[in-house]
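Just so you know, the sequences run in chain order A and B.
Count the first sequence with the numbering used here and you get residues 418 to 645, in order.
Count the second sequence with the numbering used here and you get residues 418 to 645, in order.
Quick reminder that beta carbons are idealized off the backbone N, C-alpha and C, glycines included.
There are 2 protein chains.
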Amino acid sequence: MRPTLAFDADDTLWHNETHYAETQEAFRALLRPFHDDAWIDARLHDTEMRNLGSYGYGIKGFTLSMIETALELTENRLDGAGLRQVLDLGKAMLDKPVEALPGTDEVLAELARTYDLMVITKGDLFDQETKLAKSGLGNHFSKVEIVSEKDEATYAAILQRHGLRPADFTMVGNSVKSDILPVLALGAQAVHIPYHLTWAHEVVASPVESPYPVLDSIRDLPALLASW
Amino acid sequence: MRPTLAFDADDTLWHNETHYAETQEAFRALLRPFHDDAWIDARLHDTEMRNLGSYGYGIKGFTLSMIETALELTENRLDGAGLRQVLDLGKAMLDKPVEALPGTDEVLAELARTYDLMVITKGDLFDQETKLAKSGLGNHFSKVEIVSEKDEATYAAILQRHGLRPADFTMVGNSVKSDILPVLALGAQAVHIPYHLTWAHEVVASPVESPYPVLDSIRDLPALLASW
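Below you can see the structure in the form of structure tokens.
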């Protein structure tokens, strides 16, 4: 059996957090007459965390949290036109083209010769399927797993479902919390490729000396794997 | 290999459309000062259909469509408190307990002795996982497929992924469009158990004489299957 190489999607295969950052800047601009930036950011983050149990991850839940935060921060004084703008910010995110990170297409084509390639991504099923289709990268992958949470139990279930041993499974992603630590805990391999932005919810303290490989770009992945 | 019996979830295993109907009545009540019921319903349905390509199926998309419709129908005059009510209607739907249809638990327990039981449901990944967990029925199923659309291609992919032949696969559900016709088209079996409400988007013309079995209740399913 060929070994499996699994990739996170958002901010590993394509740009994602930049869209959230741009949207959040537009949201701040809308509420700047009412509050300062730091307060707006903090309240939006609180709303997102409070709603995570009801909405899960993804753009639709983020949009609903922006609307809720806007109403809260303006004590319901933001008018209909302003709320319409928030709604449109969310739609614009959903309708944005998906921009693959540099080198992704070539590197996946090369690695597909040696590995079974899998996508393991967290979030909204419909969003993620749409993004994979729009990215043009879908044909490189033989398996796609869209999950609601990326913890040790999720990865264990995926390995079991596909009959994979930890020794034959390597995960590649930008989030230490979601892509690296739970995979290492199962005795499988993980490679960290940081993205220049990290969502506050995903930030964990970095170990002084990293016990897993950290790469600057997906372009460095084939050489690393060849050295194993 | 044991034959597979797959079930739709919303309105087949548990009540769902009733929650949408109740929510829609509350939404109408909110907008009644501005428009009559038929017009409100028609505009909400239009908004949902227009947004299906961006939002997909599920409560979060429905909530965003209610907000959009409310702004449209009031020309942005619905105030913040009113919009907050719409947001809360959506949250109340998400937080509602999941009420299994009568007989479901016993019938599934009985059928699990002979069949591999599967759930195949359309909608939001996070919502559907949450509902399955809340329903208390999850332990009867060996496989769960949450998909963004239920058409022939989706069912063909599921059969292939699990190595199932159409002859060994039977789908049970309340939607002729999503649960019955695409399954019959693949040469597999399907059983229709109508729910007393059907979402307008799922309505198709009923054939004069049904070419598939139609049951009043899941309680009649074991006897039907035993007769095959």
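Inter-residue Cα distance where the pair is E434 of chain A and E569 of chain A: 24 Å
Residues of the segment 531-556 of chain B whose Cβ lies closer than 9 Å to any Cβ of chain A, in chain order: G540, D541, L542, F543, D544, Q545, E546 and T547
Inspect the CB distances between the segment 540-547 of chain A and the segment 539-552 of chain B and report whether three or more fall short of 8 Å. yes
For T480 of chain B, which of B:A517, B:P514, B:Q441 and B:G497 has the nearest alpha-carbon? B:Q441
Use the C-beta contact count for W456 of chain A: other C-beta atoms within 10 angstroms, 16 or more gives buried, fewer gives exposed. exposed
Relative to the C-alpha of G499 of chain B, which candidate in A:A643, A:K508 and A:E489 has its C-alpha closest? A:E489
Taking only the alpha-carbon atoms, compute the straight-line gap between I537 of chain A and M466 of chain B and give it to the nearest angstrom. 30 Å
Kindly say whether Y437 of chain B, judged by its beta-carbon, lies nearer than 8 Å to any beta-carbon of chain A. So no, Y437 of chain B is outside the interface.
Within 8 Å of any Cβ in chain B, is that where the Cβ of A423 of chain A sits? No, its Cβ sits nowhere closer than 8 Å to a Cβ of chain B.
Would you mind giving the Cβ-Cβ distance between G497 of chain B and L447 of chain A, rounded to the nearest angstrom? I have them listed as a contact below 8 Å. Contact flag wrong, Cβ pair sits at about 14 Å.
Would you kindly work out how many angstroms separate the C-alpha atoms of E562 of chain A and E626 of chain A, rounded to a whole number? 31 Å
Within 8 Å of any Cβ in chain B, is that where the Cβ of G604 of chain A sits? no
Cα-Cα separation, G520 of chain B to K508 of chain B: Cα to Cα, the separation comes out at about 28 Å.
As assigned by DSSP and simplified to three states, the class of T486 of chain A: helix
Does the CB of L461 of chain B have a neighbour CB from chain E at under 8 Å? Any reference to chain E falls outside this structure, whose protein chains are A and B.
So for L539 of chain B, helix, strand or coil by DSSP? With the sequence shown as reference, residue 539 of chain B is identified as Lys, and Leu is not the correct amino acid for it. K539 of chain B: strand per DSSP, three-state reduction.
L422 of chain B lies in the beta strand (DSSP E); which residues open and close that run? T421 to F424
Could you say if the segment 523-532 of chain A and the segment 516-533 of chain B meet the contact criterion of at least three C-beta pairs nearer than 8 Å? no
Identity of the residue in A:T421, A:Y472, A:L430 and A:A487 nearest F451 of chain A by Cα: Closest in alpha carbon position to F451 of chain A, among A:T421, A:Y472, A:L430 and A:A487, is A:A487.
Cα-Cα separation between D425 of chain B and G590 of chain B, rounded to whole angstroms: Straight-line measurement puts the Cα of G590 of chain B at about 5 Å from the Cα of D425 of chain B.
DSSP on H609 of chain A, reduced to helix/strand/coil? strand
DSSP three-state call for E439 of chain A: helix, strand or coil? When DSSP states are grouped into helix, strand and coil, E439 of chain A belongs to the helix group.
Excluding five sequence neighbours on each side, which residues of the same chain lie with their C-beta closer than 6 Å to the C-beta of E485 of chain B? T464
Supposed close pair S559 of chain A, M535 of chain A - CB separation, criterion 8 Å: 7 Å
On a Cα-Cα basis, can you pick out the residue from B:I476, B:V503 and B:N493 that is closest to L511 of chain B? B:I476
Is S471 of chain B close to chain A, meaning its C-beta is less than 8 Å from at least one C-beta of that chain? yes
Beta-carbon separation (whole angstroms), I610 of chain A vs S634 of chain A, contact threshold 8 Å: About 7 Å; that satisfies the 8 Å criterion.
When every heavy atom of the ligand NAP is checked, does at least one fall within less than 7 Å of the C-beta of R530 of chain B? What this structure holds is no ligand at all, so the ligand NAP is not there to describe.
Identify the contact partners of E485 of chain B in chain A, using a Cβ-Cβ distance below 7 Å as the criterion. Those within 7 Å of E485 of chain B in chain A are L504.
Per DSSP, what are the beta-bridge partners of F586 of chain A in this structure? A:T421
Neighbour list for D427 of chain B in chain A, Cβ cutoff strictly below 9 Å: Within chain A, no residue comes near D427 of chain B; the closest Cβ sits about 15 Å away, beyond 9 Å.
Which same chain residues, not among the five before or five after Y474 of chain A, have their C-beta less than 8 Å away from its C-beta? K539, G540, D541 and S565
Give a yes or no on whether the minimum CB-CB distance between R467 of chain B and chain A is below 8 Å. Among the CB atoms of chain A, none fall inside 8 Å of the CB of R467 of chain B.
When you compare the CB positions of M588 of chain A and A607 of chain A, do they come within less than 8 Å of one another, or not? yes
Can you give me the C-alpha to C-alpha distance between A653 of chain B and H557 of chain B, rounded to a whole angstrom? Any property of residue 653 of chain B remains undetermined from this structure, which presents chain B solely from 418 to 645.
With which residues is L534 of chain B paired in a DSSP beta bridge? B:L422
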